[in-house]
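Numbered continuously in the numbering used here, the first sequence closes out at residue 607.
Read the structure below first, then the notes.
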Amino acid sequence: MGCTNRQVADTFRFISQLLLIRGEDPFRVRAFQRAAMAIEGREEPICGMPSDRLLAVPGIGPHLAAQVGELCAGRESSLLLELQQSIPASVIALLELDQVGPKTVHRLWHELGVSTIEDLEQAAQAHRVSTLKGFGAKKEEELLKAIARHRRSTGRMTRVQAEAVLAGVAALLTDGTYTVAGSFRRGRSTIGDLDIVSTEAPAVVNPRLVVRADEVIDLGEKRTSIRFMGQRVDIRFCSPDQYGTMLMYLTGSKDFNIRLREIALSAGWRLNEYGIEERTTGSLRTAATEEEVFSMFGMDPVPPELREDHGEVEAALEHTLPALVTPADLRGDLHVHSRWSDGSMTIQELAGAGEALGYQYIICSDHSASLGVAHGLSAAEVQKQQHEIEVVNRSSSCRVLAGIEVDILSNGSLGLPDKTLQDLDLVIASVHSGFHQEEDVMTRRILSAIENEHVDIIGHPTGRVLGRRDPYAVDLDRVIEAAAVHRTALEINASPSRLDLDDTGVRKARDRGVAISLGTDAHMQAELGNMPYGIQVARRGWCRPADLLNTRDLSSLLEWAA
DNA sequence: GCCGTTTTCGGCCCGACTGTTTTCAGTCG
46 MGCTNRQVAD
56 TFRFISQLLL
66 IRGEDPFRVR
76 AFQRAAMAIE
86 GREEPICGMP
96 SDRLLAVPGI
106 GPHLAAQVGE
116 LCAGRESSLL
126 LELQQSIPAS
136 VIALLELDQV
146 GPKTVHRLWH
156 ELGVSTIEDL
166 EQAAQAHRVS
176 TLKGFGAKKE
186 EELLKAIARH
196 RRSTGRMTRV
206 QAEAVLAGVA
216 ALLTDGTYTV
226 AGSFRRGRST
236 IGDLDIVSTE
246 APAVVNPRLV
256 VRADEVIDLG
266 EKRTSIRFMG
276 QRVDIRFCSP
286 DQYGTMLMYL
296 TGSKDFNIRL
306 REIALSAGWR
316 LNEYGIEERT
326 TGSLRTAATE
336 EEVFSMFGMD
346 PVPPELREDH
356 GEVEAALEHT
366 LPALVTPADL
376 RGDLHVHSRW
386 SDGSMTIQEL
396 AGAGEALGYQ
406 YIICSDHSAS
416 LGVAHGLSAA
426 EVQKQQHEIE
436 VVNRSSSCRV
446 LAGIEVDILS
456 NGSLGLPDKT
466 LQDLDLVIAS
476 VHSGFHQEED
486 VMTRRILSAI
496 ENEHVDIIGH
506 PTGRVLGRRD
516 PYAVDLDRVI
526 EAAAVHRTAL
536 EINASPSRLD
546 LDDTGVRKAR
556 DRGVAISLGT
566 DAHMQAELGN
576 MPYGIQVARR
586 GWCRPADLLN
596 TRDLSSLLEW
606 AA
């Protein structure tokens with residue numbers, strides 16, 4: 046039983062934190078972090094790699110190669126086990142608090158005997174923390190606040206939530222003087238905090254922020270951090286001539302930045318957010334745009350969505366970056382509900398909305414009858430609906446495709462008979478029940494849907510709902526392989542609370558030649574506008590226009606589905 | 001723990017800000 050590069054990397058990162066808590070050499074710790082990055086950034090599976098090639102991976106030496114060997118053999122890492130035995134889990138959990146890192150955990154644990162969040166709360170309330178050298182009353186207050194925040198923490202924001210926070214902050218800034226950077230700009234599906242680059246004077250902006258913020262975390266001339274609508278917002282100030290390096294720095298990702306700085310170092314430069322310094326002469330060259338920075342490094346400009354050190358740096362150096370799909374490439378929406386099931390639009394309204402969006406086609410894909418809560422369609426109702434669709438299509442420039450979102454039932458069968466499905470233009474099959482099945486059962490359930498010749502698309506393939514429901518247990522690699530074999534598309538559900546498949550799943554599927562289908566899952570007209578969220582996931586999954594089903598024109602799409 | 005046409009020893013990406021300080025450690029991004 047092997048494991049993925051991501052799993053090995055996560056294990057190494059976890060080990061690095063535990064080593065720090067135990068107070069070990071920080072550079073030994075860095076070795077694990079660097080190895081984690083090196084492994085995660087590789088396309089090729091690290092498991093099963095011959096040892097000579099493993100040792101050739103930068104950052105992996107004999108000791109780490111042995112750790113990889115253990116993990117890939119399906120065993121626990123012996124080092125991790127040893128660390129976990131020597132540090133209680135509740136001590137490790139202290140890392141979840143803001144402002145608490147591994148070194149603080151080490152000291153709290155060893156010098157105060159704090160081994161749980163509750164211990165820490167009591168110690169801070171009794172002013173025992175401030176008896177430690179380097180800790181004071183302010184730190185105690187911060188710790189108590191961090192504990193309170195941790196208890197009511199809701200985790201990461203959806204993009205819609207982030208946009209709401211952003212709208213509030215933007216009102217305090219001046220149009221044209223700022224850019225939102227960070228994970229928001231990289232198009233991530235969830236956002237931890239907002240990062241903004243501003244060219245306005247801090248003396249102008251700071252007072253406005255202070256007045257409106259829930260809490261001021263840091264107040265500075267170069268950076269100010271506030272909590273706004275309960276979320277952390279960081280604003281970096283810079284002059285226009287340094288905008289390029291600052292925006293690049295703040296957009297990240299961290300791993301991408303580190304790679305770029307390493308490339309700079311090997312070329313005799315030092316890169317930071319203020320510019321590019323020649324190490325021998327110390328002369329600083331500034332860049333007003335990111336393009337200038339990329340050009341200095343001999344790289345093609347890397348779209349923000351790709352900046353994760355997942356191979357895009359090499360591709361940019363070799364000039365082989367993919368030309369990513371854009372909203373303009375889309376010809377239609379492939380997952381929409383009407384009033385026939387649980388949506389609010391009539392077929393006529395659906396056609397009109399499609400026309401307004403400039404689409405060639407829009408699917409009507411209502412639920413099948415098996416899903417009681419959604420007023421699903423029976424075989425007879427599907428037929429009736431098809432007639433209405435035909436009538437509407439006579440006077441619409443946007444073709445309404447007759448489709449269905451048929452349930453994949455617990456035993457792997459579908460919610461409607463084959464003879465109903467065969468008459469439809471497109472069939473989406475989705476799991477809407479029995480989320481807690483064992484991985485193998487769930488996987489085989491989805492595979493049987495993929496194997497059905499009438500099924501064209503698997504809807505929201507992992508069933509996750511951001512912040513509310515974890516993905517169900519499913520072996521995505523087997524799903525992707527089967528989808529490739531049976532020429533079944535996998536969906537990116539563009540609803541901002543789903544965004545399922547996620548970016549890594551999309552990249553895998555794309556690499557295996559599986560078609561990706563984009564659908565908003567709109568239940569009302571406004572939700573048809575969610576498509577850009579799905580496009581962002583496609584871009585993060587390295588999709589070119591040709592990788593998506595709905596960049597095809599109508600006849601090509603119908604030909605594919607036939 | 002890893003790595004090297006500057007190095008097999010002595011480095012490891014870089015900077016802002018805070019708190020507790022008297023020059024810096026820790027955290028964060």
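For glycine and all other residues, C-beta sits at the position ideal for the given N, C-alpha and C.
These numbers were taken from a predicted model, which means no experiment stands behind them.
DSSP, read as helix, strand or coil, puts W154 in helix.
Under the DSSP definition of a beta bridge, R272 partners with E260, R277.
Per the C-alpha coordinates, the member of A527, S542, V205, N575 positioned closest to A554 is A527. In the displayed model, M94 falls within coil according to three-state DSSP, outside both helix and strand. Between V500 and A534, the gap from beta carbon to beta carbon reaches 7 Å or more. D463 is classed as exposed because its beta carbon has fewer than 16 other beta carbons within 10 Å across all chains shown. Judged by beta-carbon spacing, V261 lies within the 7 Å limit of I271, meaning their Cβ atoms are closer than that value.
Within the same chain, Cβ atoms closer than 7 Å to the Cβ of E85 are found at N50, R51, A54, the five residues on either side in sequence being excluded. The C-beta distance from L422 to H412 rounds to 7 Å, short enough to meet the 8 Å contact threshold. The shortest CA-to-CA distance from C48 to any of Q112, W605, E363, K178 is the one to Q112. Judged by pairs of C-beta atoms under 8 Å, the segment 301-311 does not touch the segment 263-279, as fewer than three such pairs exist. In the three-state reduction of the DSSP assignment, M202 falls in the strand class. The residue from A447, Y517, A361 with its alpha-carbon nearest to that of G479 is Y517.
Ranking L466, T507, M487 by CA distance to the CA of N497 puts L466 first. Here D143 has A191, R194 as same chain residues with Cβ atoms under 7 Å from its own Cβ, once five neighbours each way along the sequence are excluded. Beta-bridge partners of D411 (DSSP): I449. The C-alpha of V136 lies about 35 Å from the C-alpha of N317.
Taking a contact to require three or more Cβ pairs closer than 8 Å, the segment 332-346 and the segment 280-297 qualify as touching.
Taking 3 residues as the minimum length, the beta strand (DSSP E) runs contained wholly in the segment 311-381 are 314-317, 320-323, in order along the chain.
In terms of Cβ geometry, R514 and I453 do not form a close pair [threshold 7 Å]. Judged by DSSP in its simplified three-state form, R509 adopts coil rather than helix or strand.
Between F282 and P252, the gap from beta carbon to beta carbon reaches 7 Å or more. About 7 Å separates the CB atoms of M576 and D378; that is less than 8 Å, so the two are in contact. In the structure shown, the three-state DSSP call for G550 is helix. Contact annotation, V205 with V278: C-beta distance approximately 16 Å; criterion of less than 8 Å not satisfied. Taking 7 Å as the cut-off, the beta carbon of V559 is found closer than this to the beta carbon of A529. Residue environment: Q130 is assigned as exposed (fewer than 16 neighbouring CB atoms within 10 Å of its CB, all protein chains considered). In this structure, the alpha-carbon of S123 lies about 13 Å from that of A110.
About 7 Å separates the beta carbons of E245 and L218, which is inside the 8 Å limit, making them a contact pair. Using a 10 angstroms sphere on the CB of L395, the tally of other CB atoms reaches 16 or more, which defines it as buried. Excluding five sequence positions before and after L128, the CB atoms of its chain that fall closer than 8 Å to its own CB belong to I60, L63, L64, R67, given in chain order. Exclusion of the five residues before and after S175 leaves G181, A182, K184, E185 as the residues of its chain whose Cβ lies within less than 8 Å of its Cβ.
The Cβ neighbour count for V249, taken over all protein chains shown within 10 Å, is under 16; the residue is labelled exposed.
According to DSSP, T56 shares a beta bridge with no other residue.
DSSP, read as helix, strand or coil, puts F282 in strand.
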